[in-house]
Amino acid sequence: NAGVTQTPKFQVLKTGQSMTLQCAQDMNHEYMSWYRQDPGMGLRLIHYSVGAGITDQGEVPNGYNVSRSTTEDFPLRLLSAAPSQTSVYFCASSKHPLLAEPYNEQFFGPGTRLTVL
Amino acid sequence: KQEVTQIPAALSVPEGENLVLNCSFTDSAIYNLQWFRQDPGKGLTSLLLIQSSQREQTSGRLNASLDKSSGRSTLYIAASQPGDSATYLCAVRLAGSRLTFGEGTQLTVNP
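From first to last, the protein sequence lines are chains A and B.
Take any residue in the first sequence, count from 1 to its spot, add 549: that is its number in our numbering.
Take any residue in the second sequence, count from 1 to its spot, add 119: that is its number in our numbering.
Structure representation (structure tokens):
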């Protein structure tokens, strides 16, 4: 049971480049989400999904795109990278909120450290 | 909008000391509260989760309490060890599953 996995661990991009951060979980969790962590800002929600084919925006969605074609995978796409997107990105998963509240623990991946030059 | 505050931002203690980390939140309509540990350059490890109906949870040397009415939670660490050095984050979960995080307390336990 690998839990939540993320690739790559590190990435350097030039401004304007696009890329996809991969996230996968093997716990059959319906709910998956992406956060970014920045000094002095804490963790902020980018996008989330409550199941295959369903996604919604979080607190800071601009410049990012997501899709959820399977339960296991939830990739995050940077459309045109900007230096402001330099951050550490975390993917998380949990059971469906309506089925498992209030005891619904979120599990986090190891993170992707992204630098945009 | 839910806001989560953690005090202090940093704490340094000698090994063996008992310590308390604080977390406060503005909206008491939470489903649960989760404490995480984050080591430098690493991901988040879940330590304890307290349901909204619970008052406390314990795991080993860790004890987390929750007072919804006052919007407060504490994480008590007994007999601290150098291996406890990390950043501790609290996060509250509202309806719809969104987690709102505090900025964390950076703990250093000196041998």
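Glycine included, every Cβ here is placed at the ideal spot set by N, Cα and C.
Check, Outcome
"Local Cβ density within 10 Å of V139(B), reported as buried at 16 or more and exposed below that", "exposed"
"Cβ neighbours of I603(A) in the same chain (closer than 7 Å, five flanking residues each side left out)", "R617"
"contact_flag[the region 626 to 644 of chain A, the region 186 to 197 of chain B] where n(CB pairs < 8 Å) is 3 or more", "no"
"Within chain B, partners of F639(A) - CB distance below 9 Å", "G162 and L163"
"Start-end ranges of the beta strand (DSSP E) lying completely within the region 175 to 221 of chain B, minimum 3 residues", "175 to 178, 181 to 186, 191 to 196, 205 to 212 and 218 to 220"
"Nearest-angstrom beta carbon gap, E579(A) and L168(B) [assumed within contact, 8 Å]", "With 8 Å as the limit, L168(B) and E579(A) do not qualify as a contact, their Cβ atoms being about 18 Å apart."
"Interfacial residues, the region 620 to 632 of chain A to chain B, with Cβ spacing under 8 Å", "none"
"Proximity below 8 Å, CB of N242(B) to CB of A183(B)", "Within the shown structure, residues of chain B are numbered from 120 to 230, placing residue 242(B) beyond reach of any answer."
"Same chain only: Cβ atoms within 6 Å of A210(B), ignoring 5 sequence neighbours per side", "Q153, L218 and F220"
"Which listed residue (L226(B), V228(B), R212(B) and L208(B)) has its alpha carbon closest to that of T164(B)", "L208(B)"
"Below-8 Å beta-carbon distance, G591(A) vs any chain B residue", "yes"
"Inside the region 577 to 631 of chain A only - beta strand (DSSP E) runs reaching at least 3 residues", "580 to 587, 591 to 600, 603 to 606, 613 to 615 and 625 to 627"
"Secondary structure of S131(B), DSSP reduced to three states", "strand"
"Whether P659(A) touches K563(A) by CB criterion (8 Å)", "no"
"R174(B) classed as buried or exposed, judged by whether at least 16 other C-beta atoms fall within 10 angstroms", "exposed"
"Counted within 10 angstroms of its Cβ, other Cβ atoms place S199(B) as buried (16 or more) or exposed", "buried"
"Buried/exposed call for L625(A), threshold 16 Cβ in 10 Å", "buried"
"Chain-ordered chain B contacts of P659(A) [CB-CB under 8 Å]", "K161 and G162"
"L675(A) and G612(A) closer than 8 Å at C-beta", "Outside the shown range of chain A (550 to 666) lies residue 675(A), about which nothing can therefore be said."
"Within 8 Å, strictly: CB atoms of S633(A) and L663(A)", "no"
"Top-ranked residue by Cα proximity to T556(A), from T569(A), D587(A) and N614(A)", "T569(A)"
"Spatially closest choice to A148(B) from L226(B), Q121(B) and G223(B), by CA coordinates", "Q121(B)"
"DSSP state of S171(B) mapped onto helix, strand, coil", "coil"
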